[in-house]
Structures are given as structure tokens and as C-alpha cells.
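Numbering (the numbering used here), first residue to last: 51 to 282. Note that the Cβ used here is the ideal one computed from N, Cα and C, for glycine as well.
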Amino acid sequence: MTTETNPRTNSPLATVDLYRDIHKGIRAEIFGITMAAGSLDPSIPIDRIALSTRVHEAVDLLVSHAAHEDKHVQPSIEAHFPALAERVECDHLTLESRMETLNEMADAAAFAKANQREALHRLYLEVASFTSAYLEHQDVEERVIMPALETAIGSETVADIHHAIVSSIPPAETAVSLSLMLPAMNVDDRAELLGGMRAGAPAEVFEGVWGLAGSVLTPGDYEALGVRLGVA
51 MTTETNPRTN SPLATVDLYR DIHKGIRAEI FGITMAAGSL DPSIPIDRIA
101 LSTRVHEAVD LLVSHAAHED KHVQPSIEAH FPALAERVEC DHLTLESRME
151 TLNEMADAAA FAKANQREAL HRLYLEVASF TSAYLEHQDV EERVIMPALE
201 TAIGSETVAD IHHAIVSSIP PAETAVSLSL MLPAMNVDDR AELLGGMRAG
251 APAEVFEGVW GLAGSVLTPG DYEALGVRLG VA
């Protein structure tokens with residue numbers, strides 16, 4: 051019996067990765083939603099409503115994330131890799147259509163007057179299926195597009211794109227993204243991200259981010275990050 055190796059397995063890693071941190075946060079959240087949809091008690095309305103709210107908030111984040119990619123990253127992909135750009139555009143349209151379905155099914159499960167268990171299980175299956183499709187989309191971006199794009203335009207230009215994305219995100223959305231990203235990242239990722247913020251942002255902005263980090267990280271992880279950053 052022979053096995054085939056995934057051709058993406060040994061893809062080079064980009065020096066500047068536009069996707070790494072936010073994709074870690076997105077993965078953690080959609081995994082969490084899948085787990086919640088499969089495990090919560092169907093007989094408790096408040097839990098079903100909370101899950102629906104979580105689905106809607108995740109969909110809002112994913113739609114915004116795709117919009118940032120379309121505005122800041124897609125032009126470079128189109129210029130150098132038109133076939134990949136076409137795939138990204140198709141993926142975004144398909145996934146966003148499925149997100150609308152997720153919202154509808156989440157509301158149906160939240161406010162079901164009967165057959166709550168069935169409605170919740172249908173939502174669970176759809177969330178799991180959507181997650182599978184979304185993971186494949188992320189994999190193309192991370193292991194096909196990102197290394198190819200950096201080779202084509204250079205790491206400095208990629209860094210400029212990253213800065214443009216970050217600068218365009220409203221503070222409230224940044225806070226939501228960080229609350230999902232930071233727990234999903236390792237200490238090296240966190241130190242790199244927050245170290246850059248500390249160097250480039252006003253002190254009061256970093257203080258707010260540091261406080262947010264303390265609210266979403268475990269005490270041990272928060273302490274380890276503080277040591278890395280030299281923050282008491």
C-alpha cells in the first residue's frame with residue numbers, strides 16, 4: 051500500500067505572515083462553537099440563545115476579515131496569481147452564503163418551540179461542515195498563497211499590507227479579534243504581536259491591550275508574556 055504526501059506539507063513559511071495570528075483566533079472560535087453546539091443542553095433556552103449570539107458574532111468577524119483581505123490583499127494576489135485570486139473570490143462568496151445559513155439555523159435553534167434537540171443537532175452538523183470548508187480555505191491562504199505572495203512582492207511589501215490592514219480596523223473590532231487571538235497563540239506569537247504594539251502605539255493604547263490580555267489569558271500565560279515584554 052502506498053500513501054501520498056500532501057504537497058503542501060513542506061510549503062515554505064513566510065517571513066511575514068498576514069494570516070497566522072488572526073487565523074489562530076478564528077480556528078479557536080469556530081472549534082469552540084462546534085463543541086458548544088454539540089454539547090449544550092437543548093432544554094435550556096438561555097444557552098441556546100447564547101450560542102446563537104456567539105454564532106452571529108463569529109459570522110460578523112469572518113465577514114469583516116474577508117472584507118479586509120479583499121481590500122488589502124486581493125489586489126496583489128490578482129496581479130501575480132490570477133487563478134488563486136479567482137479561487138479566493140469564489141471561496142469568500144461561497145463561505146459567506148453558508149454563514150447566512152448558519153445565522154438562520156442558529157436563530158431557529160435558539161427560539162425553537164419544539165424539537166429543540168433536533169434543531170440544535172442540525173446546527174451542530176452545519177457548523178461542523180462549515181468549519182471543514184473554512185479550514186480548507188485557510189490552508190490555501192496559509193500554505194499556498196502566503197509563501198508565493200511573499201516571494202513575488204517581498205517581505206517589506208507584505209509588512210506594508212499588514213500595517214494597512216491593522217490600521218484600518220476599528221478599535222472595537224481589534225479588541226474582539228485580540229480576545230480570540232491571544233489565547234490561541236503561543237508565547238512567541240504573543241510577545242511579537244504585543245511587542246510591536248508597545249513599540250508603535252501610544253502608551254495608553256498599549257495599556258488597554260495589556261489589560262485585555264490579562265482578562266483573556268491564564269495567569270501563568272499572562273505572567274510569562276509579561277516576562278518576555280519586561281512588563282511588571
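{"Asked": "What is the DSSP secondary structure of I72, reduced to helix, strand or coil?", "Found": "helix"}
{"Asked": "How about V113 and E146: are their beta carbons less than 8 Å apart?", "Found": "yes"}
{"Asked": "Mind checking which residues open and close the alpha helix (DSSP H) that includes T55?", "Found": "Careful: T55 lies outside any alpha helix (DSSP H) and carries neither H nor E."}
{"Asked": "Determine the direct distance from the alpha carbon of I211 to that of V123, and round the result to whole angstroms.", "Found": "7 Å"}
{"Asked": "Can you check the region 69-110 for any beta strand (DSSP E) of at least 3 residues that lies completely inside it and give the ranges in chain order?", "Found": "none"}
{"Asked": "What's the gap between the Cα of L279 and the Cα of A241?", "Found": "6 Å"}
{"Asked": "Going by C-alpha to C-alpha distance, which of E119, L101 and D71 sits closest to E154?", "Found": "L101"}
{"Asked": "Which whole-angstrom value describes the C-beta separation of S93 and R193, a residue pair presumed to lie in contact below a C-beta threshold of 8 Å?", "Found": "At roughly 43 Å, the Cβ-Cβ gap does not stay under 8 Å, so S93 and R193 are not in contact."}
{"Asked": "Buried or exposed: which applies to A283, given that a residue is buried once 16 or more other Cβ atoms fall within 10 Å of its Cβ?", "Found": "Because the chain here runs from 51 to 282, residue 283 falls outside it and cannot be looked at."}
{"Asked": "Quick one: Cα of L228 to Cα of V208, how far?", "Found": "21 Å"}
{"Asked": "Have a look at A135 and L143 and give me their C-alpha separation to the nearest angstrom.", "Found": "12 Å"}
{"Asked": "Between the alpha carbons of E206 and M196, how many angstroms are there, rounded?", "Found": "14 Å"}
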